[in-house]
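Undergrad: In the working numbering, the protein residues as written are 471 to 866.
The beta carbon of each residue, even a glycine, is placed where N, CA and C say it ideally should be.
Please find one structure pasted underneath; my questions will follow.
If you want it as structure tokens, here you go:
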């Protein structure tokens, strides 16, 4: 009689019906593939590890041909180069410069003057292999100073930040090389410098003198009823007529310097009242709304001093909406001389904004090299075009 066969136990199956590998059933995992290293690239090429390292870190030590061979072999092996964070820790440098910007981040790309400035900074840094990191102090996602506190940078360029700005204050606590741009100098500017002049190099213009040029031009044309479209005196989003108390509490000291320059020019003249309407943001819409409000409230105004060409462009739109001809009924003068102002035939106060950025970049490079760069005060010029004319007449 044949013996009974021993039953074979069933093999459990997965939901998909596929048999699980033995290792998986026992909880084992396939080890990850080993990461390719500098040594692997060196062995494949038959060169030293130092040679491969130099290809990435000290390219001047290798011929272009050898460096290219290293990169080709690295690509073939899937090696992507040294870890950037580890490399920056070893060097003590990140090769990145932070630009402190108190306006919303997107505005840096919409404001022609800011774009010119950043282009100038980039021009100074690009030839030495440094990069820019734009740090905004106006984000709803984080406290104002966080961007400066956490940024991995070698130094800061502070662009027109207000006195007491949390962004600037946070940056200064880092004790990194820092250049201040558009902060009043202790000589030749109205207002006090936010930090001692000897502590940080300052790059800028004499805002007071530039504004005085603009006001004197209108006075020479016979204007006695003049208004001002002002940039924000504080970074609080307020728009409206500037009161003496508001002026006393100003934190944007370079803006205050312009207002005081206008006042210095008209002091003693019949136009000494100088009503000023402050905008919340430097936009054409802000300029149009401010000009409309000021001209409606004071219809006797025959000329407007605009603290930026962007505001002046808005004022042109407001004048057209009110049926006023420029310059026959209303003279307009801006500030900055951005590229579009020539096409609009706008009289303005010109400043070398791109050169200002380049000077700031070079000053920071000097600090990184252990040098002490001087303060730089760049000139302003009156650029007379067709938007200003004699009171009740045409342009001259």
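(1) Put residue 806 into one of helix, strand or coil per three-state DSSP.
(2) What did DSSP end up calling residue 565 once you bin it into helix, strand or coil?
(3) Who are the near neighbours of residue 811 in its chain, counting only those whose CB is closer than 7 Å to its CB and skipping five residues on each side?
(4) Could you work out which residue in 745, 799, 604, 614 is closest to residue 692 when comparing CA atoms only?
(5) Thinking C-beta only, is residue 590 closer than 8 Å to residue 825?
(6) How would you write the range of the alpha helix (DSSP H) that residue 526 sits in, first residue to last?
(7) What would DSSP say about residue 585, mapped onto helix, strand or coil?
(8) May I ask which residues mark the beginning and end of the alpha helix (DSSP H) holding residue 578?
(9) When the cut-off is 8 Å and only beta carbons count, does residue 617 lie next to chain D?
(10) Among 694, 698, 672, 568, which one has its Cα closest to the Cα of residue 681?
(11) To the nearest angstrom, how far is it from the Cα of residue 843 to the Cα of residue 518?
(12) Taking residue 648 as part of the alpha helix (DSSP H), name the residues at either end of that continuous run.
(13) Please determine, among 791, 730, 744, the residue with the shortest C-alpha to C-alpha distance to residue 718.
(14) Is the separation between the beta-carbon of residue 787 and that of residue 758 shorter than 8 Å?
(15) Contact defined as beta carbons within less than 8 Å: I believe residue 677 pairs with residue 728. What is the distance between those atoms, to the nearest angstrom?
(16) Within this structure, are the beta carbons of residue 791 and residue 762 separated by less than 8 Å?
(17) Are three or more beta carbon pairs between the region 839-856 and the region 613-632 nearer than 8 Å?
(18) Answer yes if the region 706-726 comes into contact with the region 743-759, meaning at least three C-beta pairs across the two stretches below 8 Å, and no otherwise.
(19) Can you tell me which residues form a DSSP beta bridge with residue 678?
(20) Any contact of the region 593-608 with the region 764-780, i.e. 3+ C-beta pairs under 8 Å?
(21) Looking at C-beta atoms only, is the number of pairs between the region 533-544 and the region 570-584 that lie closer than 8 Å three or more?
(22) Out of curiosity, what's the CA-to-CA distance linking residue 527 and residue 537?
(23) I believe residue 741 touches residue 689 by the beta-carbon criterion, under 8 Å. Please report the beta-carbon distance rounded to the nearest angstrom.
(24) By DSSP, does residue 630 sit in helix, in strand, or in coil?
(25) Report buried or exposed for residue 669, applying the criterion of at least 16 other Cβ atoms within 10 angstroms of its Cβ.
(26) State the beta-bridge partners of residue 686 as determined by DSSP.
(27) Could you name the residues of the same chain whose beta carbon sits closer than 7 Å to that of residue 547, not counting the 5 residues immediately before and after it, in chain order?
(28) Using only the alpha-carbon positions, how far apart do residue 862 and residue 789 sit?
(29) Could you name the residues that DSSP lists as bridge partners for residue 747?
(30) State buried or exposed for residue 733, treating a residue as buried only when at least 16 other CB atoms are found within 10 Å of its CB.
(31) Less than 8 Å between the CB atoms is what I'm expecting for residue 801 and residue 857, so what's the real figure, rounded?
(32) From residue 642 to residue 628, what distance separates their C-alpha atoms?
TA: Looking at the coordinates:
(1) Counting from one through the chain shown, the residue named residue 806 turns up at place 336. In this structure, residue 806 counts as strand in the three-state DSSP scheme.
(2) Working through the chain shown from its first residue, we reach residue 565 at position 95. It is coil, neither helix nor strand.
(3) Counting from one through the chain shown, the residue named residue 811 turns up at place 341. 779, 804, 818, listed in sequence order.
(4) Your numbering for residue 692 matches position 222 in the chain shown. For the residues 745, 799, 604, 614, the minimum Cα distance to residue 692 belongs to 799.
(5) Counted from its first residue, the chain shown places residue 825 at position 355. Counted from its first residue, the chain shown places residue 590 at position 120. It is a contact, given that the beta carbons lie within the stated cut-off.
(6) Walking along the chain shown from the start, residue 526 turns up at place 56. Annotation: the continuous alpha helix (DSSP H) that includes residue 526 extends over 519-527.
(7) Within the chain shown, the letter at position 115 stands for residue 585. If DSSP states are grouped into helix, strand and coil, residue 585 belongs with the helices.
(8) By one-based count along the chain shown, residue 578 stands at place 108. Run containing residue 578: 577-580, per the alpha helix (DSSP H) assignment.
(9) Absent from the structure: chain D. Only one protein chain is present.
(10) Locating residue 681 in the chain shown gives position 211, counting from the first residue. The residue with the shortest Cα to Cα distance from residue 681 is 698.
(11) Translated into positions along the chain shown, residue 843 becomes position 373. Translated into positions along the chain shown, residue 518 becomes position 48. Residue 843 and residue 518: Cα-Cα distance of roughly 41 Å.
(12) Reading the chain shown from its first residue, position 178 is the one you call residue 648. Element bounds for residue 648: not the alpha helix (DSSP H) but the beta strand (DSSP E), 648-651.
(13) Counted from its first residue, the chain shown places residue 718 at position 248. Among 791, 730, 744, the Cα nearest to that of residue 718 belongs to 730.
(14) Here residue 787 corresponds to residue number 317 of the chain shown, with the count starting at 1. Here residue 758 corresponds to residue number 288 of the chain shown, with the count starting at 1. Yes, the pair counts as a contact, with Cβ atoms nearer than the cut-off.
(15) Working through the chain shown from its first residue, we reach residue 677 at position 207. Working through the chain shown from its first residue, we reach residue 728 at position 258. Confirmed, Cβ separation roughly 5 Å.
(16) Sequence index remark: in the chain shown, residue 791 carries index 321 (1-based). Sequence index remark: in the chain shown, residue 762 carries index 292 (1-based). Taking 8 Å as the Cβ cut-off, residue 791 and residue 762 qualify as a contacting pair.
(17) no
(18) Yes, the region 743-759 is in contact with the region 706-726.
(19) Taking the chain shown and counting its residues from 1, the one referred to as residue 678 is at position 208. According to DSSP, residue pairing for residue 678 in a beta bridge does not occur.
(20) no
(21) As far as the Cβ criterion goes, the region 533-544 does not touch the region 570-584, which means the pair count is below three.
(22) As a position in the chain shown, residue 527 is number 57, starting the count at 1. As a position in the chain shown, residue 537 is number 67, starting the count at 1. If I take the Cα positions, the gap works out to 11 Å.
(23) The residue you call residue 741 lines up with position 271 of the chain shown. The residue you call residue 689 lines up with position 219 of the chain shown. Indeed, because the Cβ distance is near 7 Å, the residues count as touching under 8 Å.
(24) On the chain shown, position 160 is the one that residue 630 refers to. Of the three classes helix, strand and coil, the one that applies to residue 630 here is coil, per DSSP.
(25) For the purposes of this step, residue 669 is taken as residue 199 along the chain shown, with counting starting at 1. It is exposed - the Cβ of residue 669 has fewer than 16 other Cβ atoms within 10 Å.
(26) Taking the chain shown and counting its residues from 1, the one referred to as residue 686 is at position 216. DSSP lists no partner for residue 686.
(27) Indexing the chain shown from 1 puts residue 547 at position 77. Cβ neighbours of residue 547 beyond the five flanking positions: 506, 510, 511, 514.
(28) Looking up residue 862 in the chain shown gives position 392. Looking up residue 789 in the chain shown gives position 319. Rounded to the nearest angstrom, the two C-alpha atoms are 15 Å apart.
(29) Locating residue 747 in the chain shown gives position 277, counting from the first residue. 699, 711, per the DSSP bridge assignment.
(30) Within the chain shown, residue 733 is the residue found at index 263, counting from 1. Answer is buried; the Cβ neighbour count reaches 16.
(31) Stepping through the chain shown from its first residue, residue 801 is reached at position 331. Stepping through the chain shown from its first residue, residue 857 is reached at position 387. At roughly 7 Å, the Cβ-Cβ gap stays under 8 Å, so residue 801 and residue 857 are in contact.
(32) Your numbering for residue 642 matches position 172 in the chain shown. Your numbering for residue 628 matches position 158 in the chain shown. Their Cα atoms are separated by approximately 10 Å.
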